[in-house]
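**Student:** The opening position of the sequence shown corresponds to residue 1 in the UniProt record's numbering, with each subsequent residue numbered one higher.
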Amino acid sequence: MESLVIVGASLAGLSAARAARSLGFGGRVVIIGDELQRPYDRPPLSKDFLAGRIEVADLTLETDTEALDAEWILGTRAVSFDPSTRTVHLADGTTVHAPALVIATGASPRTLPQIADATNVVSLRTIADAQKLRELVRAGGRMVVIGAGFIGAEVASTAHALGMEVTVLEKSPTPLCGPLGAQLGAVVAGLHEAAGVELICGADIADFTRTDRSVSAVHLADGRVLPADVVVVGIGAIPNTGWLEGSGIELGNGVVCDAVGGTSLPGVVAVGDCAAWWEPVTGRHQRVEHWTGAAQRPGVAVSALLGADPATLPAVKPPYFWSDQYGTRLQFAGDASRADRVAYEHGGPGEDSLLAVYYAGEEPVAVLGWNQIKLFGRWRKTLEKISAAARTPAPPHEAAQSVAAAVAAASPAAAAATATAASPTAAVAAAGA
Numbered sequence: 001m002e003s004l005v006i007v008g009a010s011l012a013g014l015s016a017a018r019a020a021r022s023l024g025f026g027g028r029v030v031i032i033g034d035e036l037q038r039p040y041d042r043p044p045l046s047k048d049f050l051a052g053r054i055e056v057a058d059l060t061l062e063t064d065t066e067a068l069d070a071e072w073i074l075g076t077r078a079v080s081f082d083p084s085t086r087t088v089h090l091a092d093g094t095t096v097h098a099p100a101l102v103i104a105t106g107a108s109p110r111t112l113p114q115i116a117d118a119t120n121v122v123s124l125r126t127i128a129d130a131q132k133l134r135e136l137v138r139a140g141g142r143m144v145v146i147g148a149g150f151i152g153a154e155v156a157s158t159a160h161a162l163g164m165e166v167t168v169l170e171k172s173p174t175p176l177c178g179p180l181g182a183q184l185g186a187v188v189a190g191l192h193e194a195a196g197v198e199l200i201c202g203a204d205i206a207d208f209t210r211t212d213r214s215v216s217a218v219h220l221a222d223g224r225v226l227p228a229d230v231v232v233v234g235i236g237a238i239p240n241t242g243w244l245e246g247s248g249i250e251l252g253n254g255v256v257c258d259a260v261g262g263t264s265l266p267g268v269v270a271v272g273d274c275a276a277w278w279e280p281v282t283g284r285h286q287r288v289e290h291w292t293g294a295a296q297r298p299g300v301a302v303s304a305l306l307g308a309d310p311a312t313l314p315a316v317k318p319p320y321f322w323s324d325q326y327g328t329r330l331q332f333a334g335d336a337s338r339a340d341r342v343a344y345e346h347g348g349p350g351e352d353s354l355l356a357v358y359y360a361g362e363e364p365v366a367v368l369g370w371n372q373i374k375l376f377g378r379w380r381k382t383l384e385k386i387s388a389a390a391r392t393p394a395p396p397h398e399a400a401q402s403v404a405a406a407v408a409a410a411s412p413a414a415a416a417a418t419a420t421a422a423s424p425t426a427a428v429a430a431a432g433a
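Take a look at the structure:
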């Protein structure tokens, strides 16, 4: 193929370009992005950038030594893709021929239409959003954060440290109930409370008070009224796939992909927040909306796109994310939705650090670390080994041995229980590990 077109100029798109060049692709690489900026790091927007500790220049993801040799088309978005002519149509009227296409268009924040136009309401996704929020944050001001997910919690933490009075509203029973489950979500709730930030779970918003072009209060269904100088909306994101409607590419909750990013159309892969990859371990399509996935998975997808032997493709690792809240580093890997119990390998609720392992039966499926970087790292590697084994067909007894051996590397105590439940052979393997 003579050219590779990447639609999306954030981390996933940049990672795809890097992967293509590292694999020896010598053709034309075109990167299209709707923002004017070259790729930049988004996680610091809710933390160091909002706090004023770093500036825009510090967010750049490129280095002067990179030999991407790419053509950049920035400040315009893709509006359609014609599969018959392999043409990407842009909002400014131009077209780009795409023999090979990487879809990396990310996701856009969900908004609340009734207040989306207010001058003091922010949904944090871009540098422009972060710059607006930074101008609104002031000591002594009152902030209402709608949504206690990662972005909402990090903004609340930063704003509180800057002297704002912060209230966080969450519709679910606990913060991060989806990814962590209610048991560990309740533990995370303690972070907000210990910091002096008001957290209201099960919150139902009834209305807003508008003053000119701003929001001055949030009204809850139970009658409470929360005065607000700033409102931050962090209620999830919607994959940017509208431009692909009518293209023949299968869409669902994102671009529907196989286990290595391939779409229903040959020569087209999808990566990053817009891509719903098939997960053999869970048996479902899943969007992984985290930095590490956007950095690692494009290498797999581009390798497959360029015709690499499937046996040589890089490993697809379990989802991983981290979050810094109120001076605490949270790290999570895996998929808690499969778990039927949680066991603490270190510490517990109310302690300064903990390590919690999620199990489905006797198989570890996820791990949460709380100021426990070293032990978390061991368990994360364990999950990667188990995931790799699940993606490689093997007889049941060999699969059980793989699980037991991986667990033994992280925790001998946990391995004994896992190995015994798995098989006598696996128990011997674990005991000798």
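Note that the Cβ used here is the ideal one computed from N, Cα and C, for glycine as well.
Can you find the residues in the same chain that come closer than 6 Å, C-beta to C-beta, to Glu71, ignoring five residues on each side of it along the sequence?
**Tutor:** If we look at Glu71 and ignore the five residues flanking it on each side, its Cβ neighbours are Val30.
**Student:** Specify, as a first and last residue, the run of the beta strand (DSSP E) that Trp277 falls within.
**Tutor:** 275-279
**Student:** Any contact between the stretch 297-317 and the stretch 133-141? By contact I mean 3 or more CB pairs, one from each, below 8 Å.
**Tutor:** Output reads no: the stretch 133-141 does not touch the stretch 297-317.
**Student:** Do the stretch 201-209 and the stretch 260-271 touch if we need at least three Cβ pairs shorter than 8 Å?
**Tutor:** no
**Student:** In the DSSP assignment, find the unbroken beta strand (DSSP E) run with Trp243 in it and report its ends.
**Tutor:** Trp243 -> no beta strand (DSSP E), and no H or E assigned at all.
**Student:** What are the boundary residues of the alpha helix (DSSP H) that His219 is part of?
**Tutor:** Run containing His219: none in the alpha helix (DSSP H); it sits in the beta strand (DSSP E), 214-220.
**Student:** Going straight from the alpha carbon of Pro349 to that of Val187, what length do you get?
**Tutor:** 6 Å
**Student:** For Gly272, which residues of its own chain have a beta-carbon under 6 Å away from its beta-carbon, when the five flanking residues on both sides are left out?
**Tutor:** Ala12, Ala104, Gly106, Ala294
**Student:** Tell me the residue span of the beta strand (DSSP E) that contains Ser80.
**Tutor:** 78-82
**Student:** To which residues of the same chain is Ala388 closer than 8 Å at the C-beta, ignoring the five residues directly before and after it?
**Tutor:** Ala315
**Student:** Compare the Cα-Cα distances from Phe376 to each of Ala360, Glu363, Tyr344 and report the closest residue.
**Tutor:** For the residues Ala360, Glu363, Tyr344, the minimum Cα distance to Phe376 belongs to Tyr344.
**Student:** Using a 10 Å radius around the Cβ and a threshold of 16 neighbouring Cβ atoms, would you call Ala400 buried or exposed?
**Tutor:** Its pLDDT being 46, under 50, Ala400 is placed unreliably by the model, and the measurement read from it follows with that caveat. So Ala400 counts as buried.
**Student:** Can you round the beta-carbon distance between Gly52 and Arg134 to whole angstroms, since I take them to be within the 8 Å contact cut?
**Tutor:** 7 Å
**Student:** Just verifying my parser: in three-state terms, what is the DSSP assignment at Val30?
**Tutor:** Looking at Val30 - three-state DSSP - the assignment turns out to be strand.
**Student:** Which value, in whole angstroms, describes the spacing of the CA atoms of Val155 and Ala9?
**Tutor:** 24 Å
**Student:** Our contact map puts Asp340 next to Ala360 with C-beta atoms below 8 Å; I'd like the distance itself, whole angstroms only.
**Tutor:** Confirmed, Cβ separation roughly 6 Å.
**Student:** Taking buried to mean at least 16 other C-beta atoms within 10 Å of its own C-beta, is residue 460 buried or exposed?
**Tutor:** In the structure displayed, the chain extends from 1 to 433; residue 460 sits before or after that span and is not available.
**Student:** Provide the residue span of the beta strand (DSSP E) that contains Gly369, from first to last.
**Tutor:** 363-370
**Student:** So what does DSSP say about Gln183, is it helix, strand or coil?
**Tutor:** Note: Gln183 maps to helix in three-state DSSP.
**Student:** Could you pull out every residue in the same chain whose Cβ sits closer than 8 Å to the Cβ of Thr87, ignoring the five residues on either side in sequence?
**Tutor:** Phe81, Thr95, Val96, His97, Ala98
**Student:** With distance defined between alpha-carbon atoms, name the residue in Cys274, Glu289, Lys374 nearest to Gly102.
**Tutor:** Residue identity check: residue 102 is Val in the sequence provided, not Gly. Cα-wise, what sits closest to Val102 is Cys274.
**Student:** Return helix, strand or coil for Gly293, following the three-state DSSP convention.
**Tutor:** Three-state DSSP puts Gly293 in a helix.
**Student:** Does the beta-carbon of Arg297 have 16 or more other beta-carbons within 10 angstroms, so that it is buried, or is it exposed?
**Tutor:** buried
**Student:** Applying the 10 Å Cβ sphere with the 16-neighbour rule, what's the burial state of Asn120?
**Tutor:** buried
**Student:** Beta-carbon separation of Val137 and Leu50 under 8 Å?
**Tutor:** Going by C-beta atoms, Val137 is nearer than 8 Å to Leu50.
**Student:** Compare the Cα-Cα distances from Gly234 to each of Val197, Gly254, Lys171, Glu279 and report the closest residue.
**Tutor:** Nearest of Val197, Gly254, Lys171, Glu279 to Gly234, Cα basis: Lys171.
**Student:** Does the distance from the C-beta atom of Leu169 to that of Gln325 stay below 8 Å?
**Tutor:** no
**Student:** Assign His397 to buried or exposed, taking buried as 16 or more other Cβ atoms, counted over all protein chains shown, within 10 Å of its Cβ.
**Tutor:** Note that His397 has pLDDT 45, beneath the 50 cutoff, so the model's placement of it is unreliable and the number below is only indicative. It is exposed - the Cβ of His397 has fewer than 16 other Cβ atoms within 10 Å.
**Student:** Less than 6 Å between C-beta atoms, sequence neighbours within five positions excluded: which residues of the same chain meet that for Gly147?
**Tutor:** So the qualifying residues of the chain are Gly234, Ile235.
**Student:** What is the DSSP secondary structure of Ser10, counted as helix, strand or coil?
**Tutor:** Judged by DSSP in its simplified three-state form, Ser10 adopts coil rather than helix or strand.
**Student:** Just how far apart, CA to CA, sit Ile6 and Leu59?
**Tutor:** Each residue's alpha carbon lies about 21 Å from the other.
**Student:** When the Cα atoms are used, what is the spatial distance from Pro280 to Phe332?
**Tutor:** 20 Å
**Student:** Which partner residues of Ile205 appear in the DSSP bridge assignment?
**Tutor:** Leu220
**Student:** Taking the beta carbon of Ser303 as the centre, do at least 16 other beta carbons fall within 10 Å, making it buried, or is it exposed?
**Tutor:** buried
**Student:** Just list the residues that DSSP pairs residue 445 with in beta bridges.
**Tutor:** What is shown of the chain runs 1 to 433, which leaves residue 445 out entirely.
**Student:** In angstroms, rounded to a whole number, what distance separates the CA positions of Gly26 and Thr63?
**Tutor:** 20 Å
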